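Q: Just so you know, the protein sequences line up as chains A and B, in that order. For what it's worth, my numbering labels the leading residue of the first sequence as 98, then goes sequentially. For what it's worth, my numbering labels the leading residue of the second sequence as 146, then goes sequentially.
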Amino acid sequence: MSYFTPGYQRSIEEFNKLPGVGPKSAEKLTDYFLKLKPELFEQFLYVLNTMREQVHPCKNCFNLTEGEVCSICSDITRNKEIVCVVEKAKDIAAIEKTGSYKGVYHVLEGSLNPLNGIGPESIRIEELFERIKKFSFKEVVLALNFSQSGDLTCMYIIHQLQNFPIKITRLASGIPTGSDIEFADAKTLQAAFKGREKIEIED
Amino acid sequence: MFVDHFKATNFRCFDNVECEFSRYLNVVYGNNGSGKSNFLEAIFYVLQGNGFRTKKDSYLLKYNAPFLRTEAKFTSQSIEKTVSVAWEKEAGKKITINGRENEKTASLFEECNVIIMTPATPELVKGGPEHRRKFIDRIHAKENPAYLSILNKYSITFRTRNLLLRRRLSNPHDKDMYSTLTHNIRNLSKIIQSERKNTIMQMQEVFFNICEQLNLPSLKNIRIMYAPSPIDAIDEYQLMQKEIQRGTSLIGSHLDRLSLRRDSRSLRIYGSEGEQKITAFVLKLCEFYFLETRTKNVPIVMLDDFQSELDNDNFNKMLAFIRPKAQIFLTSLHHEVVDNPDKVFKVENEEVHGEV
Ligand SMILES: Nc1ncnc2c1ncn2[C@@H]1O[C@H](COP(=O)(O)OP(=O)(O)O)[C@@H](O)[C@H]1O
Ligand SMILES: [Mg+2]
Ligand SMILES: [Zn+2]
Chain A
98 MSYFTPGYQR
108 SIEEFNKLPG
118 VGPKSAEKLT
128 DYFLKLKPEL
138 FEQFLYVLNT
148 MREQVHPCKN
158 CFNLTEGEVC
168 SICSDITRNK
178 EIVCVVEKAK
188 DIAAIEKTGS
198 YKGVYHVLEG
208 SLNPLNGIGP
218 ESIRIEELFE
228 RIKKFSFKEV
238 VLALNFSQSG
248 DLTCMYIIHQ
258 LQNFPIKITR
268 LASGIPTGSD
278 IEFADAKTLQ
288 AAFKGREKIE
298 IED
Chain B
146 MFVDHFKATN
156 FRCFDNVECE
166 FSRYLNVVYG
176 NNGSGKSNFL
186 EAIFYVLQGN
196 GFRTKKDSYL
206 LKYNAPFLRT
216 EAKFTSQSIE
226 KTVSVAWEKE
236 AGKKITINGR
246 ENEKTASLFE
256 ECNVIIMTPA
266 TPELVKGGPE
276 HRRKFIDRIH
286 AKENPAYLSI
296 LNKYSITFRT
306 RNLLLRRRLS
316 NPHDKDMYST
326 LTHNIRNLSK
336 IIQSERKNTI
346 MQMQEVFFNI
356 CEQLNLPSLK
366 NIRIMYAPSP
376 IDAIDEYQLM
386 QKEIQRGTSL
396 IGSHLDRLSL
406 RRDSRSLRIY
416 GSEGEQKITA
426 FVLKLCEFYF
436 LETRTKNVPI
446 VMLDDFQSEL
456 DNDNFNKMLA
466 FIRPKAQIFL
476 TSLHHEVVDN
486 PDKVFKVENE
496 EVHGEV
C-alpha cells in the first residue's frame, strides 16, 4: 500500500519508467518538480515540447535533425560516394569526433535480432538498400557493434548486396567484441577506420 | 591450478561454508543426501559460473534464500587470483574476477580448468552424439578461445534459422534472411568440422596412449569415428522445401555423427555397461591430458561418487593417473576411500567441517 497521494504516486511511477531511474530517484525527481518555480517548470515543459516537435530523423540517413535533411547530408564538402552504416544516431557523434571520416552515414535505428522479434522490417535496412541502388556509392563501411546482432546485421547486408558492384568494408577489430561503437574511444575508432577490412564473399 | 580458499552462502543446502583446501587430494565424505555433491557443485560454480547438475541458477539457491554467493582464492600458473560468482533473481548473475566486475562466464571458462566426473559421465558413451560433440568442442575451445565464439555464432545462426523455418518463412523478409543464414551455417560448419576432425585425430592418439599407460588392453582397439554431416545441397530449392516441412535445419555441423566403435560396432549399442563406463572415464582422462598440456594450467579434478562407478582396480589406476599432478576433490560415503588423503572434509547437518 502507498502512503503517498494518488497524484504524487502517479508521478513517481512515470519517472520510474525513464531509463536509469529507479524508485528512489523517481521520488527525488517528483519532489524536485513539486517545488520547482512555476516559470522554470514552464520552461522545462517548453523545451521538452519543442524538442519533440522539432527533432526527427533525417529523411535520407535517419540521423537526427531539425531540418528536412541533417547537417551531414546537406554538407557539400562531404564525400557522397561512401556511406557508413551505424546502428544509432549517437554512433555518428562518436565517429565524427575522430575526424577521420568524411563520407555520409546511414542510421539503421537498431540491429537484426530475429530471436527477439527484430527482423529487417523493424529497422531501416530496406531504406539502406534503396539508397545504395539509387545513388552511386562506391563503398559501404559497416560500423556496427561487435555483438551478435551487429554481426548478423553485417552478414545480412553483405549477403543481400553480393551481386552489387560495391566495395563493402567493416571496421577493423581492435574494438573489443561485445562492445558498442558509441563508447569506443576516439583513438581506437580512428584506427578501426584506417584499418577497415574489405569483405569478400566466397562461395 | 588450485583452489586454496573457498566460501559459499545460500548455495543449495548450505547456509554458510568456508574452507581451506589441500592442493592435493581432498576427500569429502558424508551420508547419502548429506550434501557432498552440493559442496562440489558450489566449488564448480565459482570456477565455471554454472552448476554441473543444472544450468538454472534458481535451483542452486537455497530454498527461500534471497541470493546466493560463492567466492574463492585460486592459484593458476603461480599467479594468485580471486573470483566470486553471485546470483539473485532480479539482478541475475554477477561474476567478479580479480576485482574486475561484470565478467562473463566465458572469462571463467578461459581462466579456470575443471574436470568433473560423476555418475552421469558415462552418458558420454551411452548417450546421443550431442554429448560427444560438446565434449570435443569444449576441449578444442580451451586450446583456441576463438573457437568458442565460432560455436556461439553457430548456435545463434542455427536457432534463428529454425525460428524462421518453424514459421515457414512467412514474414516478409524471411526468405532473404534464410539465405543469409544458410550461407552462414555452411561457412561456420566448415570451420567447426575441420576443427573437430583435427581434435578427434589427436584424441584418438591420446586415448590409445592412456589405455596403454593404464594397462587397459581391452580398450586399445576402440576407435573414435567422426562422420561430418554433408553441408552442401544438390538442389537448394528442394532443401528449403524439406526444411520448411520439417521446421528445422537439415544441414550443418549440429548433425555431425560422432561414435565410439570397436570392430566397427558402436559401443553405445553393443558395449557392456562396464565398458561404456570405463571408456567414458578414460575419455575424461584424455580431456585432462589435453587441458594440462595445451593450456599449461593443470585442471582441478572433481570426482563425485567416482569409486562407486568403478571396480577397485580401475578406480585406483585412474586416481593414480591424476593424483600426482592435480588438486582433487573426491566425494565418498566413507573417508577410508583412499590411503593417506591430504585433507578430509565431513558433510553433515548442512555443514562442512575439515578434519585433521
Ligand atoms: N536449492 C536447494 N536448497 C536446499 N536444499 C537443497 C537444494 N538443492 C538440493 N537440496 C538438498 O540437498 C540434498 C542432496 O544433496 P546432495 O549433495 O545431492 O547429497 P549427496 O551427499 O548424496 O551428494 C537433498 O536432500 C536436497 O533436498
Ligand atoms: Mg551425490
Ligand atoms: Zn542525413
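Even for Gly, the Cβ is constructed at its ideal location relative to N, Cα and C. Just so you know, these numbers come straight off a predicted model, no measurement behind them.
Please confirm whether any heavy atom of ligand 3 lies closer than 6 Å to the CB of Asn-332 (chain B).
A: Not under cutoff, so the answer is no.
Q: Would you mind stating whether Leu-158 (chain A) and Tyr-105 (chain A) have Cβ atoms separated by less than 7 Å?
A: The residue asked about is misnamed: residue 158 (chain A) is Cys in this sequence, not Leu. In this structure, Tyr-105 (chain A) does not lie closer than 7 Å to Cys-158 (chain A) by Cβ.
Q: Hey, quick one: how far does the alpha helix (DSSP H) through Ser-203 (chain B) stretch, first residue to last?
A: Its alpha helix (DSSP H) spans residues 202-205.
Q: With 7 Å set as the bound, which would you pick, yes or no: does the beta-carbon of Ile-301 (chain B) sit closer than that to a beta-carbon of chain A?
A: Judged by the 7 Å Cβ criterion, Ile-301 (chain B) is in contact with chain A.
Q: Could you tell me the boundaries of the alpha helix (DSSP H) in which Thr-184 (chain A) lies?
A: Reading off the sequence, residue 184 (chain A) comes out as Glu, not Thr. Counting along the chain, Glu-184 (chain A) falls outside any alpha helix (DSSP H), and DSSP gives it neither H nor E.
Q: Check the Cβ-Cβ distances between His-318 (chain B) and every residue of chain A, and say whether any is below 7 Å.
A: It does: the Cβ of His-318 (chain B) has a partner Cβ on chain A nearer than 7 Å.
Q: Rounded C-beta distance between Ser-168 (chain A) and Thr-162 (chain A)? I'm assuming under 8 Å.
A: Indeed, because the Cβ distance is near 7 Å, the residues count as touching under 8 Å.
Q: Helix, strand or coil: how does DSSP classify Asp-300 (chain A) here?
A: Only weak support exists for where Asp-300 (chain A) lies, its pLDDT of 44 falling under 50; the coordinates are left without a value.
Q: Pick out whichever of A:Glu-184, A:Leu-212, A:Thr-147 and A:Gly-247 has its Cα sitting closest to the Cα of Glu-206 (chain A).
A: Nearest of A:Glu-184, A:Leu-212, A:Thr-147 and A:Gly-247 to Glu-206 (chain A), Cα basis: A:Glu-184.
Q: Can the beta-carbon of Phe-490 (chain B) be found closer than 7 Å to that of Val-497 (chain B)?
A: Yes, the Cβ-Cβ distance between Phe-490 (chain B) and Val-497 (chain B) is below 7 Å.
Q: Suppose the cutoff is 6 Å on Cβ atoms and the five residues either side in sequence are ignored; what does the same chain contact list for Phe-460 (chain B) look like?
A: Around Phe-460 (chain B): Gln-452.
Q: Put Val-238 (chain A) into one of helix, strand or coil per three-state DSSP.
A: In this structure, Val-238 (chain A) counts as strand in the three-state DSSP scheme.
Q: For Glu-218 (chain A) and His-328 (chain B), what's the separation of their Cα atoms in angstroms?
A: Roughly 21 Å separates the two Cα atoms.
Q: Quick one: is His-203 (chain A) near chain B, going by C-beta distance under 7 Å?
A: With 7 Å as the cut-off, His-203 (chain A) does not count as an interface residue toward chain B.
Q: Assuming contact is defined by CB atoms lying nearer than 7 Å, are Ala-378 (chain B) and Pro-267 (chain B) in contact in what I supplied?
A: Contact: no.
Q: CB-CB under 6 Å to Asn-213 (chain A), same chain, minus the five flanking residues each way: which ones, in chain order?
A: Cβ within range, chain order: n/a, list empty.
Q: Pull out every residue of the region 241-253 of chain A whose Cβ sits closer than 8 Å to any Cβ of chain B, in chain order.
A: From the region 241-253 of chain A, only Gln-245, Asp-248, Leu-249, Met-252 and Tyr-253 have a Cβ closer than 8 Å to chain B.
Q: Please list, in chain order, all residues of the same chain as Ile-229 (chain A) whose beta carbon is under 8 Å from its beta carbon, the five residues on each side excluded.
A: Cβ within range, chain order: Val-180, Val-237, Leu-258, Phe-261 and Ile-263.
Q: With a threshold of 8 Å, are at least 3 pairs of Cβ atoms found where one atom belongs to the region 323-342 of chain B and the other to the region 386-399 of chain B?
A: Cβ pair count under 8 Å is three or more, so yes.
Q: Let me have the residue list for ligand 3: C-beta closer than 6 Å to any non-hydrogen atom, ordered along the chain.
A: Spelled out in chain order, the answer is A:Cys-155, A:Asn-157, A:Cys-158, A:Asn-160, A:Val-166, A:Cys-167, A:Ile-169 and A:Cys-170.
Q: Shorter than 7 Å from the beta carbon of Gly-216 (chain A) to some beta carbon of chain B?
A: Chain B contact via Cβ: present.
Q: Could you give the C-beta distance for Ala-281 (chain A) and Ala-190 (chain A), rounded to a whole number, given that I count them as a contact under 8 Å?
A: Rounded, the Cβ-Cβ distance is 12 Å, inconsistent with contact.
Q: For Tyr-208 (chain B), is the beta carbon positioned less than 6 Å from some heavy atom of ligand 1?
A: Checking the Cβ of Tyr-208 (chain B) against ligand 1 gives yes.
Q: Quick check: is any heavy atom of ligand 1 less than 6 Å from the C-beta of Asn-195 (chain B)?
A: Incorrect: Asn-195 (chain B) has no Cβ contact closer than 6 Å to ligand 1.
Q: According to DSSP, is Arg-283 (chain B) part of a helix, a strand, or is it coil?
A: Looking at Arg-283 (chain B) - three-state DSSP - the assignment turns out to be helix.
Q: Let me check one thing: in DSSP terms, what residues is Gly-200 (chain A) bridge-paired to?
A: Its beta-bridge partners are A:Asn-176.
Q: Closest to Val-99 (chain B) by CA distance: which of B:Phe-474, B:Tyr-434 and B:Glu-493 is it?
A: It is not possible to answer for residue 99 (chain B), since the shown part of chain B is limited to 146 through 501.
Q: Between which residues of its own chain and Gly-216 (chain A) is the CB-CB distance below 8 Å, once the five residues before and five after are set aside?
A: The answer, listed in chain order, is Leu-209.
Q: Taking the CB atoms as reference points, tell me whether Phe-466 (chain B) and Leu-436 (chain B) lie closer together than 7 Å.
A: Against a cut-off of 7 Å, the Cβ pair of Leu-436 (chain B) and Phe-466 (chain B) comes out as no contact.
Q: Assign Pro-116 (chain A) to buried or exposed, taking buried as 16 or more other Cβ atoms, counted over all protein chains shown, within 10 Å of its Cβ.
A: Pro-116 (chain A) is exposed by the Cβ-count criterion.
Q: State the CB to CB distance for the pair Thr-215 (chain B) and Asp-449 (chain B), rounded to an integer number of angstroms; the pair is presumed to be in contact (CB under 8 Å).
A: Incorrect: roughly 17 Å between the Cβ atoms, too far for contact.
Q: My output table needs one value for Phe-151 (chain B): the three-state DSSP class, helix, strand or coil.
A: Reduced to three states, the DSSP call for Phe-151 (chain B) is strand.
Q: Alpha carbon to alpha carbon, what distance is there between Arg-368 (chain B) and Arg-278 (chain B)?
A: Their Cα atoms are separated by approximately 15 Å.
Q: Would you call Val-492 (chain B) buried or exposed, if buried means 16 or more other Cβ atoms sit within 10 Å of its Cβ?
A: Flag for Val-492 (chain B) reads buried.
Q: Taking a cut of 9 Å between CB atoms, which residues from the region 385-404 of chain B lie near chain A?
A: From the region 385-404 of chain B, no residue has a Cβ closer than 9 Å to chain A.
Q: Taking Phe-219 (chain B) and Val-162 (chain B) to be in contact with their CB atoms under 8 Å, please state how far apart those CB atoms are, rounded to whole angstroms.
A: The Cβ separation is near 16 Å, so there is no contact.
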